[in-house]
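Peer 1:
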Amino acid sequence: MLNEEETLALIRLAKAGDQSAKETLLTHNTSLVKSILRRYLGKGVEYDDLYQLACMGFLKAITGFDETFGVRFSTYAVPMIAGEIKRFLRDDGSVKVSRVLKKTARDLNRYIETYAAEHGEQPTVKELAEAFGMDEGEVVFALGSARMPVSLDESGEYRDEKSVPLAERLPAKDDQDEMIEHMVLKEAIGKLPEREKKIVFLRYFRDMTQSEVARRIGVSQVQVSRIESKIMGKFKDELL
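Given below as structure tokens:
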């Protein structure tokens with residue numbers, strides 16, 4: 009294992025173009041490289057490909073390292089290696105699409121852009137199929153392959169969306185009547201005596217039977233039934 013002085017000396021040589029210095033650094037940091045790539049196993053990328061990506065990140069770390077910052081090279085290299093792998097997983101995706109299909113999708117999209125510029129509207133799937141000598145199903149499949157899935161945990165592209173996950177920006181169901189009913193019921197429950205509140209809670213929030221509620225609060229099942237009917241009558245009056 010190289011000490012910090014040896015590492016810095018090799019980095020200087022590597023930056024000056026010494027290929028053997030790069031190889032020496034990589035050889036002595038193989039365990040570091042492998043420890044990072046293991047975090048990304050099982051994500052649809054072969055081990056050898058992950059290793060190549062990790063090595064690329066390591067070499068970029070050598071190029072970008074500035075010893076005047078006073079940090080250890082390994083501290084700087086770790087996020088560089090992980091970043092290279094993450095970038096590949098993000099851009100390439102875990103769903104693999106063949107190069108031929110990718111090229112077809114690019115050609116189709118270029119044609120759509122040109123057609124739209126000339127005609128003021130986009131071509132239909134049938135027109136695309138005729139222009140490229142493809143089945144309509146093949147056109148739809150090719151265009152769909154170019155659309156990468158988006159995680160609901162990802163942030164938006166614009167500055168004011170950077171810290172807000174997509175899931176929080178999706179429109180919620182706009183049911184104003186239901187919202188008002190909930191508000192009225194909440195207010196109505198708040199006006200009930202404590203025993204009646206408890207019955208509502210046990211019956212409708214704990215899903216207990218009238219007999220179970222009766223045993224819990226020390227009354228008969230008939231009494232619970234009567235109290236419940238009275239409560240339901242109050243709620244009905246509040247909602248009307």
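Quick note: the sequence shown uses the numbering used here, first residue 9, plus one each step. Beta carbons: idealized from backbone N, C-alpha and C, even for Gly.
Are three or more beta carbon pairs between the segment 60-71 and the segment 83-99 nearer than 8 Å?
Peer 2: With a cut-off of 8 Å, the segment 83-99 and the segment 60-71 count as touching, because enough Cβ pairs lie within range.
Peer 1: Does DSSP put A69 in a helix, a strand or coil?
Peer 2: The answer is helix: DSSP assigns A69 an H, G or I state.
Peer 1: State the start and end residues of the unbroken alpha helix (DSSP H) segment that holds E220.
Peer 2: Taken as a continuous stretch (DSSP letters only), the alpha helix (DSSP H) holding E220 covers Q218 to I225.
Peer 1: Roughly how many whole angstroms lie between the Cα atoms of V230 and K238?
Peer 2: When rounded, the distance between both Cα atoms is 12 Å.
Peer 1: Using the rule of at least 16 other Cβ atoms within 10 Å of the residue's Cβ for burial, across every protein chain shown, is T15 buried or exposed?
Peer 2: Result: buried.
Peer 1: Nearest to Q60 by alpha carbon, out of D74, G241, G72 and T38?
Peer 2: Of the candidates D74, G241, G72 and T38, the one whose C-alpha sits nearest the C-alpha of Q60 is T38.
Peer 1: Under the three-state reduction of DSSP, which class applies to G25: helix, strand or coil?
Peer 2: Here G25 sits in coil by DSSP.
Peer 1: Given this structure, state the Cα-to-Cα distance separating V148 from V133, to the nearest angstrom.
Peer 2: Spanning the two alpha carbons is a distance of roughly 7 Å.
Peer 1: Throw me the rounded Cβ distance for the R203 and E236 pair, which I believe falls under 8 Å.
Peer 2: That pair is no contact at about 12 Å.
Peer 1: If you reduce the DSSP assignment to three classes, tell me which class S228 lands in.
Peer 2: Looking at S228 - three-state DSSP - the assignment turns out to be coil, as it is neither helix nor strand.
Peer 1: How about L136 and L109: are their beta carbons less than 8 Å apart?
Peer 2: Cβ distance not < 8 Å, so L136 and L109 don't count as in contact.
Peer 1: Give me, in chain order, the residues of the same chain whose beta-carbon lies closer than 6 Å to that of E75; leave out the 5 immediate sequence neighbours on both sides.
Peer 2: L16.
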